[in-house]
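The opening residue of the sequence shown carries number 1 in full-length UniProt numbering; numbering runs sequentially from there.
Below is one structure, written out as structure tokens; comments come after it.
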Amino acid sequence: MTMRDAGRRVAGLAALVVGLTALAIGVATLHEPGRVPTSAGALPGVSPSSAVPGAVPSSAVPGVSPSSAVPGVSFSSAATRAAPPKPAGPVPEMPGRVVIPGLKVDAPVDPAGVERGGELRIPADPARLGWWIGSARPGVSRGTVLIAGHVDTAEDGRGALYSLETLPMGARIEVRAGRTTYEYRAVARRSFVKRQLPADVFSTATSPRLVLITCGGDFRDGSYSHNVLVYAEPVSRR
């Protein structure tokens with residue numbers, strides 16, 4: 001959800017999220033109509049069996065419900081049934097923080113489950129991000145670490161991932177988990193029409209990588225037209 005430079009068209013949204021723990025989220029945007037983020041770079045860690053983009057239908061999956069749902073980030077039944085990879089040694093910590101020096105981002109990360117409708121639930125506060133509990137943890141030998149967040153909200157303004165679509169390829173992204181910092185390098189950016197995320201985004205069979213997701217594109221009828229994804233590959237840990 002975005003708020004672009006002043007002087008552009010403003011729209012509002014009050015969305016009722018279905019479920020006992022659902023919240024009504026108000027969203028405003030100054031996003032430029034019809035603007036779709038451009039693609040860049042080559043996708044890392046794509047497994048041949050799961051690389052074909054396609055519609056990702058939703059399914060009923062239990063999970064943590066911290067705050068609010070991200071419309072359009074839907075999970076296929078196959079993706080949500082797949083167990084995250086188990087490391088041979090000690091289990092790595094869950095992601096606790098994302099730092100993107102080039103965008104001046106330093107955001108806390110909460111665990112995020114999936115709604116009955118198949119949509120990822122992330123913190124309502126756009127300054128906080130959500131790590132899908134069905135995805136990989138940083139430091140494992142394979143799979144996608146999937147972290148998502150709102151671009152902004154009417155109540156709180158710009159979110160941590162507000163400028164994600166402008167992140168240069170090669171930029172450093174840090175994921176902090178416990179006492180360990182995992183460094184990634186941004187290698188690709190893609191935008192997909194809502195509910196048409198490629199199945200491999202949810203794969204636990206890829207080589208290790210990080211995927212950050214937020215909203216983008218045109219804002220119409222209370223929803224954004226696209227999801228913006230940045231893919232990153234691991235570089236080091238410390």
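Think of the CB as a built atom: it goes at the ideal place given N, C-alpha and C, for glycine as much as any other residue.
None of these values were measured; they are calculated from a predicted model.
Counted within 10 angstroms of its Cβ, other Cβ atoms place residue i as buried (16 or more) or exposed
i	result
E155	exposed
P168	exposed
G134	buried
V91	exposed
G222	exposed
E115	buried
A79	Caution applies to A79, whose pLDDT of 49 falls short of 50 and renders its modelled position unreliable; the value that the coordinates give is listed next. A79 comes out buried.
Y231	buried
S67	Residue placement at S67 cannot be trusted, given a pLDDT of 35 that sits under 50; the coordinates are not used to answer.
Closest Cα partner of residue i within the set the options
i	options	result
N227	S207, G159 and H150	H150
D110	Y231, G178, E233 and A199	G178
V224	G170, A199 and S191	Just to set this straight, residue 224 is Tyr in the shown sequence, not Val. Selected option, being the one with the closest Cα: S191.
S236	L43, L103 and R172	R172
V145	G217, E93 and D218	E93
V105	P138, R142 and R158	R158
G216	A199, L161, E115 and V114	L161
Q196	L229, E115 and G143	L229
L103	G170, G118 and W132	G170
R176	P198, S163, T153 and P138	P138
Residue j beta carbon less than 8 Å from that of residue i
i	j	result
A112	G96	no
P208	V140	yes
V201	V193	no
T107	R128	The residue asked about is misnamed: residue 107 is Ala in this sequence, not Thr. A contact, by the Cβ cut-off of 8 Å.
T214	A136	no
R220	T181	no
T206	G118	no
Cβ separation of residue i and residue j, assumed to be a contact under 8 Å, to the nearest whole Å
i	j	result
E174	E165	Between E165 and E174 the Cβ distance is about 19 Å, and since that is not below 8 Å, they are no contact.
E233	P101	Between P101 and E233 the Cβ distance is about 17 Å, and since that is not below 8 Å, they are no contact.
Closer than 8 Å is the cut-off here; do at least three beta carbon pairs connect the segment 179-189 with the segment 118-135? Output reads no: the segment 118-135 does not touch the segment 179-189.
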